[in-house]
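These notes concern the structure reproduced below.
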Amino acid sequence: NIEQDLKGKKVLISAGGTREAIDPVRYIANRSSGKMGYALAKRALVRGAEVILVTGPTKLTPPVGVTTYEVQTTAELEKAMLTHYADQDIVIMAAAVADYRVKTVAEQKIKKNAETWQLELVKNPDILKRLGELKRDQILVGFAAETTDLLHYATKKLQQKNADLLVANDVSRKDIGFGADDNEAWLLTSKNSPKATGKLKKTQLADLILSFALQLRGEC
Ligand code: PMT
653 NIEQDLKGKK VLISAGGTRE AIDPVRYIAN RSSGKMGYAL AKRALVRGAE VILVTGPTKL
713 TPPVGVTTYE VQTTAELEKA MLTHYADQDI VIMAAAVADY RVKTVAEQKI KKNAETWQLE
773 LVKNPDILKR LGELKRDQIL VGFAAETTDL LHYATKKLQQ KNADLLVAND VSRKDIGFGA
833 DDNEAWLLTS KNSPKATGKL KKTQLADLIL SFALQLRGEC
């Protein structure tokens, strides 16, 4: 039964973008709407999985039946993913994670006096890479959001992060990627040559990703 093919499986998904505070009123963020990650959570649930969603701030309502944890920063996202990682079957990092955070978050609102203002940023942990290092028998799925040389960078990310499946999307396009209802991707694994999905609704792409991951899970 295709509808319940994820029954008995545990699926952990991250969605949305992380936010890094500058001061009490300002933050650094990105364009992620959460649609891709929420579509994955919804479809995994409908197909019978036990689903945990870890989400950055979005305008979306988490699907009823999905255990949801709301986070703001990359550090919080990392903590939540690591807490739940060990006993999962499939783990998908669809979140747009802030690669840098502000070195010193100001306790009070920063006043606008100077004509220019330089923020010092420090690198955030690479959560997917960490999950790749800790991997036992989970199927680990990452994304690659690129504006040029999509397949080149995605191939590198697949290897460097020890992912089993990498979903590469071109985020320079307005009709797919950030904020859109549609997406189009290349699915990369270490075994087969990249597979183009064509342009799909995010829920349809979510189904493809879940089927691919389930197949890989069956093989290991
Ligand atoms: O939310 P939507 O509006 O629906 O848009 C969907 C999307 C474009 C956000 C989604 O399809 C997508 O591409 N998500 C990944 C965005 C991203 O951070 O890509 P990246 O190429 O910078 O990172 C590569 C992978 O490493 C990703 O799986 C990311 O979650 C992960 N990562 C990145 C940086 C970091 N410090 N830790 C990570 O775990």
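Going by my numbering, the sequence shown opens with residue 653, and the numbers climb by one from there.
C-beta: ideal position from N, C-alpha, C; glycine also.
Please return the same chain residues whose Cβ sits closer than 7 Å to the Cβ of residue i, not counting the five positions on each side in sequence.
i	result
Y752	L773, V774, K775, N776
A732	V706, Y721, V723
L857	N835, A837, T849
T807	L840
Note down the Cα distance separating residue i from residue j, rounded to an integer number of angstroms.
i	j	result
I650	N765	In the structure as shown, the chain starts at 653 and stops at 872, and residue 650 therefore has no counterpart that could be examined.
T725	R671	5 Å
F864	K854	15 Å
R825	A815	25 Å
Q770	N682	19 Å
L860	G850	11 Å
D827	R782	32 Å
K843	T735	30 Å
V821	E767	The displayed chain sequence assigns Asn, not Val, to residue 821. So the alpha carbons of these two residues sit roughly 38 Å apart.
S845	Q811	14 Å
T710	A748	12 Å
Q740	I762	43 Å
Y737	T756	30 Å
L868	L862	10 Å
Less than 6 Å between C-beta atoms, sequence neighbours within five positions excluded: which residues of the same chain meet that for residue i?
i	result
E730	P777, I779
L712	G686, Y690
K813	L780, K781, G784, G794
L802	A820, D822
L742	Sequence check: residue 742 is Ile here, not Leu. Excluding sequence neighbours, I742 sits near V663, I791, A865.
G717	L697
Within 10 Å of its beta-carbon, does residue i have 16 or more other beta-carbons around it, so buried, or fewer, so exposed?
i	result
P676	exposed
K847	exposed
V703	buried
D789	exposed
G660	exposed
K694	buried
Q656	exposed
A701	buried
Just curious, the alpha helix (DSSP H) that residue i is in, first and last residue?
i	result
V698	687-698
L771	No alpha helix (DSSP H) contains L771, which DSSP labels as neither H nor E.
T800	T800 -> no alpha helix (DSSP H), and no H or E assigned at all.
I828	It is not in any alpha helix (DSSP H) - I828 carries neither H nor E in the DSSP assignment.
K781	779-786
K662	Segment 662-667 is the beta strand (DSSP E) holding K662; no alpha helix (DSSP H) there.
Please work out which residues of its chain come closer than 8 Å, Cβ to Cβ, to residue i, disregarding the five sequence neighbours upstream and downstream, and give them in chain order.
i	result
Q760	D675, P676
What is the residue span of the beta strand (DSSP E) that residue i lies within?
i	result
G870	Per DSSP, G870 belongs to no beta strand (DSSP E); it is in the alpha helix (DSSP H), 854-871.
Inset, instruction - Would you be able to state if there are at least three C-beta pairs under 8 Å between the region 824-839 and the region 794-807? - result: In the pairwise beta carbon analysis, the region 794-807 is classified as touching the region 824-839: at least three pairs are separated by under 8 Å.
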